[in-house]
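**Student:**
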Amino acid sequence: MDVLTPEIRGPRTPDTAATTAREKAADLWRLLRPQQWVKNVFVVPIGMLGVTAWDTAALDLAWALALFIAGSSAVYVVNDVIDRDADRLHPLKRSRPVASGRVPVPAAVVLAAGLLAAVGLLMALRPITDSWPVAAYLLLNVGYSFGLKRIAVLDIAIVAGGFALRYLQGSIAAEGEPSVLLAASVFAACMMFAAGKRRHEIGLADARHRSALAGYSVPFLDQLIGLAAVTTLLTYALHVNEIFSAGASGVFVLLSAVLVAGLVVRYLQLVLVKRQGGDPSKDIASDRVTIVVGILTGVCLVVGTVLP
Numbered sequence: 007m008d009v010l011t012p013e014i015r016g017p018r019t020p021d022t023a024a025t026t027a028r029e030k031a032a033d034l035w036r037l038l039r040p041q042q043w044v045k046n047v048f049v050v051p052i053g054m055l056g057v058t059a060w061d062t063a064a065l066d067l068a069w070a071l072a073l074f075i076a077g078s079s080a081v082y083v084v085n086d087v088i089d090r091d092a093d094r095l096h097p098l099k100r101s102r103p104v105a106s107g108r109v110p111v112p113a114a115v116v117l118a119a120g121l122l123a124a125v126g127l128l129m130a131l132r133p134i135t136d137s138w139p140v141a142a143y144l145l146l147n148v149g150y151s152f153g154l155k156r157i158a159v160l161d162i163a164i165v166a167g168g169f170a171l172r173y174l175q176g177s178i179a180a181e182g183e184p185s186v187l188l189a190a191s192v193f194a195a196c197m198m199f200a201a202g203k204r205r206h207e208i209g210l211a212d213a214r215h216r217s218a219l220a221g222y223s224v225p226f227l228d229q230l231i232g233l234a235a236v237t238t239l240l241t242y243a244l245h246v247n248e249i250f251s252a253g254a255s256g257v258f259v260l261l262s263a264v265l266v267a268g269l270v271v272r273y274l275q276l277v278l279v280k281r282q283g284g285d286p287s288k289d290i291a292s293d294r295v296t297i298v299v300g301i302l303t304g305v306c307l308v309v310g311t312v313l314p
């Protein structure tokens, strides 16, 4: 007889169902881009500077962070769904879960809807007027996803505007009075980062993944980066002058302005000399000089504006 016995049938094949489920869960997690949440962690707390009621500030900060993490993750998922064909032309983006086909479009849409529902629940925890920055962020990014991203300069202005809205959300959550100058400085700094990213992308062999690149050139972007850098420093210097009158500790606040200037110069070096800038978050987080100077800047801001 030719019937195999259990002894010669060989070892049982491993159950791949659990492995497949874990892989799918991992891909859904990647869709949220948790590595990008650091942007919220860096920008939202800026709105907390000057807060005195720290017994409630921690909860305010947690609420604002959760709101923007859920909102930005929903935007990332929607963008990945809409850009899946263009992403396949990019050497790195082609491996994203939706572009690669590992996550079906319907599953991604359900995930985005769940994230938006989470945003709605978080907004309901406080007066609706407290959440206008995240609502504006979502509206801006709807326009971005459905066409505005194809318009050069406007595309990076929308990205930078999202960071200014993060700052405003943190300030409103702490029931503080937002600084127009500080919001303008955050916006200008992020314009600089976004322009640096476009400068890197324009040098890729196949630039069809982003149609707005047709409206850019390296010389133009170099000018734009320089203009944004100067604007960042000017508006921050004016903000320093503004908070002096509010009783801030002058030495530490003034030192923060010097350190911010150092951060801007270092970023210019990374982009224009070292040819980085393709992923600003990764470039900044992996640069020791930026990390050290950034920590010192944060300490000076806290000592100068929170402790007095």
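In our numbering, the protein residues as written are 7 to 314. Backbone N, C-alpha and C define an ideal beta-carbon position, used for all residues, glycine too.
1) Just checking my contact of residue 158 with residue 221 at CB under 8 Å: how many whole Å lie between their CB atoms?
2) For residue 155, which residues from the same chain have a beta carbon less than 7 Å from its beta carbon, with the 5 sequence-adjacent residues on both sides left out?
3) On the DSSP letters alone, give me the boundaries of the alpha helix (DSSP H) that residue 138 sits inside.
4) Give the straight-line distance between the Cα atoms of residue 94 and residue 44, rounded to the nearest whole angstrom.
5) Measure the beta-carbon distance from residue 144 to residue 73 and round it to whole angstroms, keeping in mind my assumption that it falls under 8 Å.
6) Taking only the alpha-carbon atoms, compute the straight-line gap between residue 246 and residue 262 and give it to the nearest angstrom.
7) Quick check: the Cα distance between residue 135 and residue 167, rounded to an integer number of angstroms?
8) Among the residues of its own chain, which have a CB less than 7 Å from the CB of residue 230, if the five just before and after it don't count?
9) Taking the straight line between their C-alpha atoms, what separation do you get for residue 259 and residue 309?
10) DSSP on residue 111, reduced to helix/strand/coil?
11) In whole angstroms, what is the alpha-carbon distance linking residue 188 and residue 296?
12) Alpha carbon to alpha carbon, how far is residue 207 from residue 118? Give it in angstroms, no decimals.
13) Evaluate contact between the segment 106 to 123 and the segment 74 to 83, counting only Cβ atoms and requiring at least three cross-stretch pairs below 8 Å.
14) Indicate whether residue 180 and residue 304 have their beta-carbon atoms separated by less than 8 Å.
15) So, are the CB atoms of residue 237 and residue 194 less than 8 Å apart?
16) Spatial neighbours of residue 289 within its chain, please: C-beta separation below 7 Å, excluding the five flanking residues on both sides.
17) Would residue 301 be called buried (16 or more neighbouring beta carbons within 10 Å of its own) or exposed?
18) Among the residues of its own chain, which have a CB less than 7 Å from the CB of residue 286, if the five just before and after it don't count?
19) Under a three-way DSSP split, which group does residue 208 fall into?
20) For residue 275, name the three-state secondary structure that DSSP assigns.
21) Rounded C-beta distance between residue 87 and residue 49? I'm assuming under 8 Å.
22) Do residue 103 and residue 111 have their CB atoms nearer than 8 Å?
23) Compare the Cα-Cα distances from residue 228 to each of 216, 244, 205 and report the closest residue.
24) What's the C-alpha gap between residue 142 and residue 97?
25) Smallest Cα separation from residue 380: which of 307, 306, 279, 269?
26) Buried or exposed: which applies to residue 139, given that a residue is buried once 16 or more other Cβ atoms fall within 10 Å of its Cβ?
27) Residue 245 lies in the alpha helix (DSSP H); which residues open and close that run?
28) According to the neighbour-count rule (16 or more other Cβ atoms, all chains shown, within 10 Å of its Cβ), is residue 306 buried or exposed?
29) Quick check on the DSSP output: the alpha helix (DSSP H) that includes residue 295 runs from which residue to which?
**Tutor:** Reading from the atomic positions:
1) Here residue 158 is taken as the residue at index 152 of the sequence shown, counted from 1. Here residue 221 is taken as the residue at index 215 of the sequence shown, counted from 1. At roughly 3 Å, the Cβ-Cβ gap stays under 8 Å, so residue 158 and residue 221 are in contact.
2) Reading the sequence shown from its first residue, position 149 is the one you call residue 155. Cβ neighbours of residue 155 beyond the five flanking positions: 161, 218.
3) By 1-based counting over the sequence shown, the position of residue 138 is 132. Counting along the chain, the alpha helix (DSSP H) containing residue 138 begins and ends at 138 to 151.
4) As a position in the sequence shown, residue 94 is number 88, starting the count at 1. As a position in the sequence shown, residue 44 is number 38, starting the count at 1. Roughly 26 Å between the two C-alpha positions.
5) Along the sequence shown, read from residue 1 onward, the residue named residue 144 stands at position 138. Along the sequence shown, read from residue 1 onward, the residue named residue 73 stands at position 67. Residue 144 to residue 73, Cβ: 11 Å. No contact.
6) Counting from one through the sequence shown, the residue named residue 246 turns up at place 240. Counting from one through the sequence shown, the residue named residue 262 turns up at place 256. One C-alpha to the other measures close to 9 Å.
7) As a first step, residue 135 is located in the sequence shown; it is residue number 129 there, counting from the start. As a first step, residue 167 is located in the sequence shown; it is residue number 161 there, counting from the start. Taking the straight line joining both Cα atoms gives about 19 Å.
8) The residue given as residue 230 occupies position 224 in the sequence shown. Only 201 meet the Cβ criterion.
9) Start at 1 with the first residue of the sequence shown, and residue 259 comes out as number 253. Start at 1 with the first residue of the sequence shown, and residue 309 comes out as number 303. Roughly 8 Å between the two C-alpha positions.
10) Against the sequence shown, residue 111 aligns to sequence position 105. Three-state DSSP puts residue 111 in a helix.
11) The residue given as residue 188 occupies position 182 in the sequence shown. The residue given as residue 296 occupies position 290 in the sequence shown. If I take the Cα positions, the gap works out to 20 Å.
12) Taking the first residue of the sequence shown as 1, we reach residue 118 at position 112. Taking the first residue of the sequence shown as 1, we reach residue 207 at position 201. Computed Cα separation, rounded: 27 Å.
13) yes
14) If you number the sequence shown from 1, residue 180 lands on position 174. If you number the sequence shown from 1, residue 304 lands on position 298. Cβ atoms of residue 180 and residue 304: not closer than 8 Å.
15) Within the sequence shown, residue 237 is the residue found at index 231, counting from 1. Within the sequence shown, residue 194 is the residue found at index 188, counting from 1. For residue 237 and residue 194, yes; Cβs fall inside 8 Å.
16) Looking up residue 289 in the sequence shown gives position 283. Excluding residues within five positions, the ones whose Cβ falls inside 7 Å are 276, 282, 283.
17) Here residue 301 refers to the residue found at position 295 of the sequence shown. Classification for residue 301: exposed.
18) Taking the first residue of the sequence shown as position 1, residue 286 is located at position 280. 199, 202, 203, listed in sequence order.
19) Counting from one through the sequence shown, the residue named residue 208 turns up at place 202. Residue 208: coil per DSSP, three-state reduction.
20) The residue labelled residue 275 in the question sits at position 269 within the sequence shown. Helix at residue 275.
21) The residue labelled residue 87 in the question sits at position 81 within the sequence shown. The residue labelled residue 49 in the question sits at position 43 within the sequence shown. Residue 87 to residue 49, Cβ: 25 Å. No contact.
22) Indexing the sequence shown from 1 puts residue 103 at position 97. Indexing the sequence shown from 1 puts residue 111 at position 105. Contact: no.
23) Numbered from 1 along the sequence shown, position 222 holds the residue referred to as residue 228. The shortest Cα separation from residue 228 among 216, 244, 205 belongs to 205.
24) By one-based count along the sequence shown, residue 142 stands at place 136. By one-based count along the sequence shown, residue 97 stands at place 91. Rounded to the nearest angstrom, the two C-alpha atoms are 32 Å apart.
25) Any answer about residue 380 is impossible in this case: the structure gives the chain only from 7 up to 314.
26) The count along the sequence shown starts at 1 and reaches residue 139 at position 133. Classification for residue 139: buried.
27) Against the sequence shown, residue 245 aligns to sequence position 239. Residues 224 to 250.
28) For this step, residue 306 is matched to residue 300 along the sequence shown. Residue 306 is buried by the Cβ-count criterion.
29) Here the question's residue 295 lines up with position 289 in the sequence shown. 294 to 307 is the span of the alpha helix (DSSP H), which, as asked, contains residue 295.
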